[in-house]
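Numbering (my numbering), first residue to last: 3 to 119. Glycine is no exception: its CB is placed at the ideal position from the N, C-alpha and C atoms. What follows is a short report on a single structure.
Encoded structure:
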């Protein structure tokens, strides 16, 4: 078996515990990807547990949700208001006032239209 000079050099480097290829840089320049993040402010690496109170709604949030559900059941608000499709329930009430007005089913000229057929 004949080995070239390059192959012998690779074998000797491996036997000495170095990288096989002399071109390989084992200590390349370090790139700090998180250079702009302050760990104290961002909370990265913090070992503190979140307090249990943060996962439960407060008393005031519960009261607000109860009030919204009550108004929803009464019909004072609708789901469009809750999802944010409309900003003000007064707009809906104004539109509903126009539709609640009485109107005539017949205009009075239906007999003339029937005679023309």
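When DSSP states are grouped into helix, strand and coil, residue 18 belongs to the coil group. With contacts defined by Cβ atoms closer than 8 Å, residue 91 and residue 79 form a contacting pair.
Residue state for residue 87 is assigned as coil, using DSSP reduced to three classes.
Between residue 15 and residue 7, the C-beta gap is not smaller than 8 Å, which leaves the two residues out of contact. Pairing residue 20 with residue 13, the inter-Cα distance amounts to about 10 Å. Non-local beta-carbon contacts of residue 73 in its own chain, meaning distances under 8 Å to residues more than five positions away in sequence, involve 79 in chain order.
Taking C-alpha positions only, residue 33 is separated from residue 27 by approximately 15 Å.
Only residues of its own chain outside the window of five on either side were considered, and among them 82 and 94 have a CB closer than 7 Å to the CB of residue 88, listed in chain order. Per DSSP, the continuous alpha helix (DSSP H) segment holding residue 70 begins and ends at 61-76.
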